[in-house]
Amino acid sequence: IKAHYHQIFLKWLRSKADCQYILVTNVTSGIEWINVHYNISFIFIHLQLLTAFHMLSHHVVYQNLTSPEQVLSLFPESFHSNLKNLITKILLENSVTWRNEALSSQISLPKLVDLEWRVDMKTASDSLSRMAVPTCLLQMKLQDTPCISGSPSESTVTMELSKETLDTMIDGLGRIRDQLSAVARK
Numbered sequence: 001i002k003a004h005y006h007q008i009f010l011k012w013l014r015s016k017a018d019c020q021y022i023l024v025t026n027v028t029s030g031i032e033w034i035n036v037h038y039n040i041s042f043i044f045i046h047l048q049l050l051t052a053f054h055m056l057s058h059h060v061v062y063q064n065l066t067s068p069e070q071v072l073s074l075f076p077e078s079f080h081s082n083l084k085n086l087i088t089k090i091l092l093e094n095s096v097t098w099r100n101e102a103l104s105s106q107i108s109l110p111k112l113v114d115l116e117w118r119v120d121m122k123t124a125s126d127s128l129s130r131m132a133v134p135t136c137l138l139q140m141k142l143q144d145t146p147c148i149s150g151s152p153s154e155s156t157v158t159m160e161l162s163k164e165t166l167d168t169m170i171d172g173l174g175r176i177r178d179q180l181s182a183v184a185r186k
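With full-length UniProt numbering applied, the sequence shown corresponds to residues 1 to 186, in that order.
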């Protein structure tokens, strides 16, 4: 959403310009105000109101507006106060649900749910010598992105790491941690 006010003028012409409307969009607040001139269809007005409510609800969810004051500030002073309060109440009651649904339906990478590890000793022997090599078994439980049909599925990935591979992995994870900390401080 742009930070400045933006007006879009659309003209609807029906049968030799006998039906004309002007649609003014305030992009900052996400609210559309309709000035109707002549005789415009009832369905089209409802469609415009639905579009305006969609833009407003999207703005409330995207900006994480959680207080009535924040939502009420989006409306102009001349807006009907009872309608303004009712719309604000509806938006605040449903915004958490809408946000959670939007986040859960996003395309994303699998999420780490659980991590288990253990150290094993690989042993081998021949008649001359005995060999023991420590290895790390790492088991990660991952939650895949939920599909349309329902709940997210979980999968398990198990890998064996040598000491050298584990050292490389720990070094890389340490660098990632440091970069995340540096970004979080900014």
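Here a beta-carbon is modelled for each residue, glycine too, at the ideal position from N, C-alpha and C.
For residue i: DSSP bridge partner residues
| i | result |
| --- | --- |
| Leu-112 | Leu-142 |
| Thr-66 | Partner(s): none; Thr-66 has no beta bridge. |
| Arg-177 | In DSSP, Arg-177 forms no bridge with anything. |
| Lys-89 | Beta-bridge pairing links Lys-89 to no other residue. |
DSSP state of residue i mapped onto helix, strand, coil
| i | result |
| --- | --- |
| Lys-186 | coil |
| Leu-161 | strand |
| Ser-153 | coil |
| Leu-83 | helix |
| Leu-137 | strand |
Spatial neighbours of residue i in its chain, beta-carbon cut-off 6 Å, leaving aside the 5 residues before and after
| i | result |
| --- | --- |
| Leu-72 | Thr-88 |
| Pro-68 | Thr-88 |
| Thr-97 | none |
Between the CA atoms of residue j and residue i - distance to the nearest angstrom
| i | j | result |
| --- | --- | --- |
| Gln-63 | Ala-132 | 58 Å |
| Asn-85 | Leu-74 | 12 Å |
| Met-140 | Val-61 | 33 Å |
| Ala-52 | Ser-95 | 16 Å |
| Asp-171 | Glu-116 | 19 Å |
| Met-55 | Ala-102 | 15 Å |
| Val-183 | Arg-118 | 33 Å |
| Thr-66 | Asn-100 | 14 Å |
| Gly-174 | Leu-166 | 12 Å |
Beta-carbon proximity list for residue i, same chain, < 7 Å, skipping 5 on both sides
| i | result |
| --- | --- |
| Val-113 | Lys-141, Leu-142, Gln-143 and Glu-154 |
| Asp-120 | Thr-135 and Leu-137 |
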